[in-house]
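Structure first, then comments.
Residue numbers (the numbering used here), protein chains in the order written: chain A, 799 to 1351; chain B, 799 to 1351.
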């Protein structure tokens, strides 16, 4: 699996999904093309999915927010007979490298989370209308919806057969959503996760696995009624008109570097690192949200988010030997703050809200990126407002202090904006500043008085906003030593360390999925009982069950 | 590593620890015997530890609660020059099986947690007086103490060198306590965990890694002062006199079965399961707490807890191929409730408090046991009060319904007591009933009206207290089928599934340690970068660093 995976797509290219729009209700049909796998060696039978199917789904969800703000309810259903979705394709999983499996699960988890975010952040509710078998990752798709309707016939059931069938976990949020979202009694959850054939009919409702069980003859009608009811209850405004998410401007160089309009990704493969440089505004602040909307996907704040999002995903899946990502910025911090301010001042405008909430998701994607992350706050940089968040998303930061010889860019500074105090919460539901100063909550309050002031190195260090500040004499050596040191560490230990250090404080369903559930799944994805030659994943479909070492750990 | 590990010890057998008692202050000296390793092949240099050292430590902490209730402050220190503790022995880890490593870490984690529980539950505070190197598991010992004092000299530092040195995590709570207990700023935590040599002096205080840094010349004196101050602040009563934790009555049979006075452990190695049968009271209820104290370790409620605790630990470490543990009880539920009631009615009596808090720990140990757990509620059983907790600690339960032919024991029933509503919280700080009915909090309230009523199968099932109830016709087949099914599943998938399903609801530092941190550590413990032939753990001490696959997952 070495071909470059592209996260950019659009409806004209979809092979697996289609959407029918009907005012406030959209019908999202899963209709996976068996021959449309991202890689060779497997067929996507029974609406099973691989990363390619999920890339399209992520695109659907994103466009629903920006291109179809008139939609208040998305009804997810299958276009195939007798099967809703059979989950992740097992042959694909059996053939995938450990790193691909892990990154595949992370991306699908992020996409599932966007279903829930769509309702919480934008009043756009996902409901699952389940006819036919809904198993494994298929049920996890339904679990990510906020309302599950199941038809009552002998062929329709919900199931998590991973454990008995494949010796792995329902790892795309399944176990966590069963216990923490659906709040299924744990002994029933234990039974449910042990039954290959799943649970159907009234029992599925009694066990809280679905919200409604409906006679087959009344199913379609009831789904339509429910969709209209939910649409009527939605907090979303009526009659909004979307903007087009036009293709990104993007060029790949032979050395692997990527140039977007505002984002530059430079690779140092020998040093195993990438540098992502984000540019400050290249346009004036739109006069108002009408002007912003007229710019559409070209508007600076939206364009920057889209480009950064794509760059992160590209590095995650396609550049797996790069252990470190350095974030740099260059531009006018005041201009950046002004662009952001238009959105903050109009947060009740649907598009301003969507752009801010998209930044929330992109910054979470950075938090969840399993590479060592560092910010380099150089002269000429614009770590202000939303981009200042990067300073507390990364593992550590280095800041230029005082003048550097021959460098006439403006002095490095950090500029806080109101957004740093609540606009972009992390997965743990705290702001990055709250998480950073968990032991000194009063300090976060104190920082509010610095909003708008460019804080140069000494002040930024004193206020705890950066890790280190170095002058011209030490800067280069210190940054180099750090990068060399980091490149010498075991990537696995880094992954585990960062997964534990980045999310102090409360846990949420989201952090549990990425922490507890994912960690156990990754462990199982290393174990011979699942992935060995006689393991269940390899033997799947052969008629033989996995051969297990029976020792418990 | 196949010799039987015995968790029973007493001060006369200690090789690694000694305690000096001085009224309300106890001095706990770590003085590990290099030649005293539990297994061959390594020397416990520099106060490094293996499971044997930790078994003694757990015994110290337990006896401090029961035998030395006069102690209000325990000062943990090293009896060796220049080193506080070097952490878990690396050669031991390098030579240990995956299952031993995982179980070793679990037990040490449970023991660290008892330091914190001693203050929270009993007003007995642990402080760490650190002179010399305090590294890895050594610093994790200090982190488990509620006050860390560091001497200010060039040889004394705190460090978590696991990541740079060994390519594994500080997995005995280290990362979690750094972020969530000490609330260290995450970029500083990142730096700290990357520095082999650690942090010393004022910086350790500034970074919140220790509570006090004290000049070497005033260190001993300041520690003594602080110990007296904390003793004066303790909530613990003065002048309490303890009871002796006399040796358990225990017989091992050739087939591996173990017979205690109240606990019977029967093994079915072919079926890969153990049955633990707990007996109801074999004595009358003591007249009052004076009478209870006069019985000492022979008192039913304490004896049962000690025997169950030992049985669980024995199975965990010594019977690793048994995938399922069935809990049975036999005895008079009313008598059991009466024994428990004496403690509940006298919860402000120090010994009643200690016994109840010990049950809290034992039940948590059951929750954390990585085997499939089932309760069989047979006729003649006494799942009442504290033993009813087992019904919601296990993964599922089966209950006999109606009369069974030829069985004249009393009808199977579940009897709730007040203790089921708060006395024995789980690691997530909820009761087992709250966790079980997370989706129906009102139901827990409703259950209070059933306190004291023996609930036979139909009622118990209706109230959601048991998973299944079967009559004479179905019982044997259903139980057998479940056990056979369970024995056929991959143990790894069971471990991962149970770790996710058992702890719904809020996360605490404790659940994060056993969930997130442990899961990532176990993953790393499977990865070649750590445990492969060229991995860091294997190469430790060879002068060569580990050879790493640099792919990030």
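Yeah, the Cβ is synthetic: ideal placement off N, Cα and C, and Gly gets one too.
Chain-ordered chain B contacts of residue i [CB-CB under 7 Å]
{"i": "residue 1322 (chain A)", "result": "1290, 1291, 1294"}
{"i": "residue 1318 (chain A)", "result": "1294, 1297, 1298, 1317"}
{"i": "residue 940 (chain A)", "result": "Simply none; closest approach about 17 Å."}
{"i": "residue 1287 (chain A)", "result": "961, 962"}
{"i": "residue 792 (chain A)", "result": "Limits of chain A in this structure are 799 at one end and 1351 at the other, which puts residue 792 (chain A) out of reach."}
Paired residues, beta bridge with residue i - DSSP
{"i": "residue 1252 (chain B)", "result": "B:1213"}
{"i": "residue 1125 (chain B)", "result": "B:1074, B:1173"}
{"i": "residue 923 (chain A)", "result": "A:871"}
{"i": "residue 1058 (chain A)", "result": "A:1048"}
{"i": "residue 1065 (chain A)", "result": "A:1072"}
Residue from the options whose Cα sits closest to the Cα of residue i
{"i": "residue 1162 (chain B)", "options": "B:1172, B:1301, B:1295, B:1209", "result": "B:1301"}
{"i": "residue 1330 (chain A)", "options": "A:1136, A:842, A:1050, A:896", "result": "A:896"}
{"i": "residue 977 (chain A)", "options": "B:1309, B:1236, B:1289, B:1322", "result": "B:1236"}
{"i": "residue 838 (chain B)", "options": "B:890, B:973, B:926", "result": "B:890"}
{"i": "residue 1045 (chain B)", "options": "B:826, B:1177, B:1157, B:861", "result": "B:861"}
{"i": "residue 1258 (chain A)", "options": "A:1198, A:1089, A:915, A:1165", "result": "A:1198"}
{"i": "residue 823 (chain A)", "options": "A:804, A:816, A:868", "result": "A:868"}
{"i": "residue 958 (chain A)", "options": "A:913, A:994, A:1056, A:923", "result": "A:994"}
{"i": "residue 999 (chain B)", "options": "B:1017, B:984, B:983, B:985", "result": "B:1017"}
{"i": "residue 817 (chain B)", "options": "B:1053, B:944, B:872, B:1318", "result": "B:872"}
{"i": "residue 842 (chain B)", "options": "B:810, B:1157, B:888, B:804", "result": "B:888"}
{"i": "residue 1060 (chain B)", "options": "B:1076, B:859, B:1254, B:1050", "result": "B:1076"}
{"i": "residue 1243 (chain B)", "options": "B:1250, B:1232, B:1251, B:1252", "result": "B:1232"}
{"i": "residue 1333 (chain A)", "options": "A:1146, A:1311, A:1027, A:964", "result": "A:964"}
{"i": "residue 844 (chain A)", "options": "A:939, A:1218, A:931, A:892", "result": "A:931"}
{"i": "residue 971 (chain B)", "options": "B:944, B:953, B:939", "result": "B:939"}
Straight-line gap, residue i to residue j (C-alpha atoms, nearest Å)
{"i": "residue 799 (chain A)", "j": "residue 1351 (chain B)", "result": "Any reading at residue 799 (chain A) needs caution, since the residue's pLDDT is 41, under 50, leaving its predicted position unreliable; the model's value is listed next. Cα to Cα, residue 799 (chain A) sits roughly 14 Å from residue 1351 (chain B)."}
{"i": "residue 1238 (chain A)", "j": "residue 1009 (chain A)", "result": "43 Å"}
{"i": "residue 806 (chain B)", "j": "residue 1149 (chain B)", "result": "21 Å"}
{"i": "residue 834 (chain B)", "j": "residue 913 (chain A)", "result": "57 Å"}
{"i": "residue 1205 (chain B)", "j": "residue 1178 (chain B)", "result": "9 Å"}
{"i": "residue 1248 (chain B)", "j": "residue 989 (chain B)", "result": "55 Å"}
{"i": "residue 1098 (chain A)", "j": "residue 935 (chain B)", "result": "49 Å"}
{"i": "residue 909 (chain B)", "j": "residue 1319 (chain B)", "result": "18 Å"}
Within chain B, the residues that residue i reaches when beta carbons sit closer than 8 Å
{"i": "residue 989 (chain A)", "result": "1194, 1265"}
{"i": "residue 896 (chain A)", "result": "1351"}
Contact set between residue i and chain A, taken where Cβ atoms lie within less than 9 Å
{"i": "residue 1063 (chain B)", "result": "Result: empty, since nearest Cβ-Cβ is about 16 Å, beyond 9 Å."}
{"i": "residue 978 (chain B)", "result": "1236, 1302, 1303"}
{"i": "residue 1283 (chain B)", "result": "962, 992"}
Continuous beta strand (DSSP E) stretch holding residue i: start and end
{"i": "residue 1235 (chain B)", "result": "Here residue 1235 (chain B) belongs to no beta strand (DSSP E), and DSSP marks it neither H nor E."}
{"i": "residue 1203 (chain A)", "result": "It is not in any beta strand (DSSP E) - residue 1203 (chain A) carries neither H nor E in the DSSP assignment."}
{"i": "residue 945 (chain B)", "result": "945–950"}
{"i": "residue 1049 (chain A)", "result": "1048–1050"}
{"i": "residue 1222 (chain A)", "result": "Premise fails: residue 1222 (chain A) is in no beta strand (DSSP E) and is neither H nor E."}
{"i": "residue 1266 (chain A)", "result": "1266–1268"}
Residue interval of the alpha helix (DSSP H) (run including residue i)
{"i": "residue 1107 (chain A)", "result": "1098–1116"}
{"i": "residue 1140 (chain A)", "result": "1131–1143"}
{"i": "residue 818 (chain B)", "result": "Premise fails: residue 818 (chain B) lies in the beta strand (DSSP E), 815–820, not in any alpha helix (DSSP H)."}
{"i": "residue 825 (chain A)", "result": "First-last for residue 825 (chain A): 823–828, but that is the beta strand (DSSP E), not the alpha helix (DSSP H)."}
{"i": "residue 1164 (chain A)", "result": "1148–1165"}
Chain B residues whose Cβ lies nearer than 9 Å to that of residue i
{"i": "residue 1212 (chain A)", "result": "Simply none; closest approach about 14 Å."}
Under 7 Å from the C-beta of residue i: neighbouring residues of chain A
{"i": "residue 973 (chain B)", "result": "1295, 1298, 1299"}
{"i": "residue 1348 (chain B)", "result": "1070, 1119, 1121, 1289"}
{"i": "residue 1325 (chain B)", "result": "1290, 1324"}
Under 8 Å from the C-beta of residue i: neighbouring residues of chain A
{"i": "residue 965 (chain B)", "result": "1287, 1288, 1290, 1291"}
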